[in-house]
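Participant: Residue numbers for the sequence shown follow numbering that gives the first Met the number 0, so the first one is 0 and each next one is one higher.
No residue lacks a Cβ here, since even glycine has one placed at the ideal position from N, Cα and C.
Sending over a structure as structure tokens; questions will come in a sec.
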Amino acid sequence: MQLDTSSVTFLLATCAYLGIRGHFKRKLAGATATVSRSSPADRALVGLVVAGQIVLPLLALFTPWLDGARYTPMTPVLAWAGALLMAAGVWLFWRSHADLGDNWSVTLEVRRDHVLVDSGVYRTIRHPMYASFFLMAIGQALLLHDWVAGPAALLAVTVLYVARKPHEEAMLVEQFGDAYRTYMDSTGGIVPRRRARGVAARGN
Ligand code: SAH
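Next comes the structure, spelled out in structure tokens:
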């Protein structure tokens, strides 16, 4: 096995990502949830993302198992774009953790003293953490020259977003009522959008 610059860039960004997650996980250890929508299906989604972001890349980089899926990149420009996207994704992942603070959880939960966060990176997007997963996943696809491990995270994150978003938003509507509905009206899901509160027409 030989690690090229793209693979090393991917590994460094992934270490930063895991370091950020570990830091916030330790900070919130022992926090109490008052509502939990954690289900086998939701935990399976988390497992799918871990497989796409970590397990398959490690198999591709450190074992011969995926050697048949390797390809030679056409131009180094794509790797540069991948590095920039990964860096942007790691930054957004850190900011969304920092801004969500004590309200974060791996699965779908409402914490005791949960507050609706609509500031920082949550001002224009409702799901900046999932947006950061998309940025890192596209970066991964460009940095890992492997037809299986490269796009694996993008596929997993798309499934997570499509399957989880409606349940997460329904849970937050139950918890915060009109405050969350208004927030939904004035923000984008993973693409930034800002509409003046009160002016936003429901159902548009
Ligand atoms: N979907 C968000 C958060 C992911 S973490 C993102 O992509 O950034 C999942 C937890 O965050 C959920 O259990 C939910 O309780 C909480 N959450 C999501 N959006 C929130 C918000 N705007 N304010 C407070 N908590 C929120």
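Taking all protein chains shown into account, decide if Ala-28 is buried (16 or more other Cβ within 10 angstroms of its Cβ) or exposed.
Facilitator: Working through the sequence shown from its first residue, we reach residue 28 at position 29. The residue in question, Ala-28, is exposed, as its Cβ has fewer than 16 Cβ neighbours within 10 Å.
Participant: Straight-line CA distance for Ile-124 to His-113?
Facilitator: Counted from its first residue, the sequence shown places residue 124 at position 125. Counted from its first residue, the sequence shown places residue 113 at position 114. Between Ile-124 and His-113, the C-alpha separation is close to 19 Å.
Participant: What does Arg-110 pair with, by DSSP beta-bridge criteria?
Facilitator: In the sequence shown, the residue the question calls residue 110 occupies position 111. Answer by DSSP bridge pairing, in chain order: Ala-32.
Participant: Locate the alpha helix (DSSP H) running through Gly-18, then write down its first and last residues.
Facilitator: If you number the sequence shown from 1, residue 18 lands on position 19. Its alpha helix (DSSP H) spans residues 4-26.
Participant: Skipping 5 residues on each side, what residues in its chain have a beta carbon closer than 6 Å to that of Arg-194?
Facilitator: The count along the sequence shown starts at 1 and reaches residue 194 at position 195. Hits under 6 Å: Ser-185.
Participant: Excluding five sequence neighbours on each side, which residues of the same chain lie with their C-beta closer than 7 Å to the C-beta of Val-54?
Facilitator: As a first step, residue 54 must be located in the sequence shown, where it is residue number 55. Taken in chain order, the list of residues that qualify is empty.
Participant: Just how far apart, CA to CA, sit Ala-59 and Trp-146?
Facilitator: Translated into positions along the sequence shown, residue 59 becomes position 60. Translated into positions along the sequence shown, residue 146 becomes position 147. Approximately 10 Å, taken between the alpha carbons.
Participant: What are the start and end residues of each continuous alpha helix (DSSP H) run of 4 or more residues lying completely inside the segment 59-129, in chain order?
Facilitator: Whole alpha helix (DSSP H) segments, 4+ residues: 75-99.
Participant: Relative to the alpha-carbon of Arg-94, which residue among Leu-107, Ser-131, Val-158 has its alpha-carbon at the smallest distance?
Facilitator: In the sequence shown, residue 94 corresponds to position 95, counting from 1. Of the candidates Leu-107, Ser-131, Val-158, the one whose C-alpha sits nearest the C-alpha of Arg-94 is Ser-131.
Participant: Please determine if the segment 166-176 and the segment 140-158 are in contact, where contact requires at least 3 C-beta pairs separated by less than 8 Å.
Facilitator: Too few Cβ pairs lie closer than 8 Å, so no.
Participant: Following a CB-centred definition, is His-126 positioned closer than 8 Å to any heavy atom of the ligand GTP?
Facilitator: The ligand GTP is not part of the structure shown, which contains the ligand SAH as its ligands.
Participant: Does Gly-187 come out as helix, strand or coil in the three-state DSSP assignment?
Facilitator: Start at 1 with the first residue of the sequence shown, and residue 187 comes out as number 188. Correct three-state label for Gly-187: strand.
Participant: DSSP on Arg-193, reduced to helix/strand/coil?
Facilitator: Residue mapping note: residue 193 aligns to position 194 of the sequence shown, counting from 1. It is a strand residue.
Participant: Can you tell me whether Thr-71 is buried or exposed? The criterion is at least 16 other CB atoms within 10 Å of its CB, across all chains shown.
Facilitator: Counted from its first residue, the sequence shown places residue 71 at position 72. The residue in question, Thr-71, is exposed, as its Cβ has fewer than 16 Cβ neighbours within 10 Å.
Participant: Any chance the CB of Leu-27 is under 8 Å from a heavy atom of the ligand SAH?
Facilitator: Along the sequence shown, one-based indexing puts residue 27 at 28. Not under cutoff, so the answer is no.
Participant: Whose C-alpha, out of Trp-90, Trp-64, Val-76, is nearest the C-alpha of Cys-14?
Facilitator: The residue labelled residue 14 in the question sits at position 15 within the sequence shown. Out of Trp-90, Trp-64, Val-76, Trp-90 has the C-alpha closest to the C-alpha of Cys-14.
Participant: Any idea if Leu-17 is buried or exposed, counting beta-carbon neighbours within 10 angstroms, 16 or more meaning buried?
Facilitator: Numbered from its first residue, the sequence shown carries residue 17 at position 18. Leu-17 comes out exposed.
Participant: Terminal residues of the continuous alpha helix (DSSP H) containing Asp-41?
Facilitator: By one-based count along the sequence shown, residue 41 stands at place 42. Looking at the DSSP string, the run of the alpha helix (DSSP H) that includes Asp-41 is 39-49.
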